[in-house]
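Here's the structure, in structure tokens; my notes come after.
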Amino acid sequence: DFKDFFPSIKWHDLKPILQSWHASSDIDWELDADAENLIRRSCFYLNDALPIGYPSSPIISNVVMFSLDVEISSVFSDSEKYGNVVYTRYADDIVLSTDKKGMSKDLISAISGVIMKSTSPVLLLNPKKTKIGSSSGGTATVTGIRVCNDGHLTIHRHHKDHIRLLLSLYKKGSLNKDEHSSLLGHLSYVQYIAPSFYSKLQKKYFKEIAALKEK
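In full-length UniProt numbering, the protein residues as written are 1 to 215.
Printed below as a string of structure tokens:
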């Protein structure tokens, strides 16, 4: 996990990338001082930090992080040293996995070294949120998702129970209206992550789910 990820990304991290794109583009598009100031004022705070919660922030962060993501992936391409490593990042959440045992400290050390050398953006790892796990003999949990031995994904039982409870309350007319959108969000999430569980919900709460989606 990156510490203060979005606020650590600044306007000066994005600006040279935009200018480089503009200089090398075959398409004629305007990037003068007025356009730069518009992007800066619209997408960044007054202190030039990337805001948390803006719809543009995840896209901008991915643009700024692209080179660093490539560099990190390149470091872990040494399969003889690190095993077959898979590096994934979703905003500030980083996941590293390998088929080589006993590599946890080496992987953390390697990625820490790359991040510490980065000057754009300047980032720090959050050691308090660093977790090490193994799927040996069971399932692994990654950012709240359970990865089973056969490779399929599912969610925790308490999450399933919570969704069932919300649907039951909705069916009885006891669910607050301000929680309807939250329930829809849960359903969209499980439809993507755990489709077999979603199918079971559909069979039991078909009318309720259909009514929610019509709102």
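Cβ atoms here follow ideal geometry from the backbone N, Cα and C, with glycine treated the same way.
Nothing here was measured: the structure is a model prediction, and the numbers come from that model.
- At a Cβ-Cβ threshold of 7 Å, Lys100 and Gly83 count as neighbours.
- Here Leu46 is not bridged, per DSSP, to any residue.
- If you draw a straight line from the Cα of Ser61 to the Cα of Phe2, it is about 12 Å long.
- For Ser67, the secondary structure class from DSSP, reduced to helix, strand or coil, is helix.
- Residue pairing by DSSP places Arg146 opposite Thr141, Thr154 in a beta bridge.
- For Leu201, the enclosing alpha helix (DSSP H) begins and ends at 195 to 204.
- A Cβ-Cβ distance of about 7 Å is found for the pair Leu166 and Glu179, placing them in contact under the 8 Å criterion.
- In the structure shown, Ile39 adopts helical secondary structure according to DSSP, grouped into three states.
- A residue is called buried when at least 16 other Cβ atoms come within 10 angstroms of its Cβ; Ser74 does not meet this threshold and is exposed.
- In terms of CA proximity to Gly113, Glu71 leads the group Glu71, Asp32, Ser97.
- The C-beta separation of Leu153 from Ala194 comes to about 7 Å, placing the pair in contact by the 8 Å criterion.
- By the criterion of a C-beta distance shorter than 7 Å, Ser57 is surrounded in its chain by Phe6, Leu50, Pro51, once the five residues flanking it on both sides are discounted.
- With a cutoff of 7 Å on beta-carbon distance, Asp4 and Pro121 are scored as not near each other.
- Judged by their CB atoms, Trp11 and Asp48 are nearer to each other than the 7 Å cut-off.
- By the CB criterion at 7 Å, Leu184 and Ser118 fall outside the cutoff.
- Beyond the five residues adjoining it in sequence on each side, Val63 comes within less than 8 Å, by CB distance, of Leu14, Ile17 in the same chain, given in chain order.
- Ser118: not part of any alpha helix (DSSP H); DSSP gives it neither H nor E.
- For Tyr90, the enclosing beta strand (DSSP E) stretches over residues 86 to 90.
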